[in-house]
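Chemist: Below is one structure. I have some questions about it.
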Amino acid sequence: MSKKIIPASFAAAAALAALVSAAPMSASAQANGITNCDAPGGRQRAGALIGAVVGGVVGSNLARNERTAGTIVGAGAGAAAGSYIGCNQQRARAASVRAGGDYRALSNLNVRSGPGTNYRVVSRLNAGQPFSAVGSQGEWVQIAGGGWVSARYVGTN
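Residue numbers for the sequence shown follow my numbering, so the first one is -13 and each next one is one higher.
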């Protein structure tokens, strides 16, 4: 394998990954799971980037005569697959937390004033402590009585 081909393969995969990761942001007319996702969260973009890089490397290694074309096709297919899988994970996460449901903290949690780590901590939930959800936004659950906790550390009661 030529030393010039490997950097070109990675460069082509990275360029396609950048283009594909921009697709979810620019294609707001259609929520098909590949170019746009109807559920909040960042898993679709991460899946597209990972898929593009892996697909580009695999495509480059499989296409012996046309490595650049193999890299581009592989990166495109990988990005589409990763984007679709990431969107499905976002949808599953959004569906897993329903308003009015009873949940419990899986570990000690900071309760924040808004849905993100950039919001101030207003209280805490202890591991195992039950609570009711009144809504969700992306990877964050709004709890009854006010405040938000990360959905990653929430279990069903």
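Just so you know, even glycine gets a beta-carbon here, dropped at the ideal spot from N, CA and C. Keep in mind it's a predicted model, so treat the numbers as computed, not measured.
Considering Asn96, what are the terminal residues of the beta strand (DSSP E) in which it resides?
Modeler: Where Asn96 is concerned, the enclosing beta strand (DSSP E) stretches over Leu95 to Arg98.
Chemist: Let me check understanding here. Comparing Cα to Cα, which of Tyr139, Gly68 and Val108 lies closest to Gln115?
Modeler: Gln115 has its Cα closest to that of Tyr139, out of Tyr139, Gly68 and Val108.
Chemist: Looking at the secondary structure, which residues open and close the alpha helix (DSSP H) in which Arg31 lies?
Modeler: Element bounds for Arg31: Arg29 to Leu48.
Chemist: Assign Ser122 to buried or exposed, taking buried as 16 or more other Cβ atoms, counted over all protein chains shown, within 10 Å of its Cβ.
Modeler: Buried, because 16 or more other Cβ atoms sit within 10 Å of the Cβ of Ser122.
Chemist: Tell whether a beta-carbon distance below 8 Å holds between Leu48 and Gly41.
Modeler: Not in contact: Leu48 and Gly41 (Cβ atoms no closer than 8 Å).
Chemist: Could you work out which residue in Arg106, Tyr89, Arg110 and Tyr105 is closest to Ala137 when comparing CA atoms only?
Modeler: Per the Cα distances, Tyr89.
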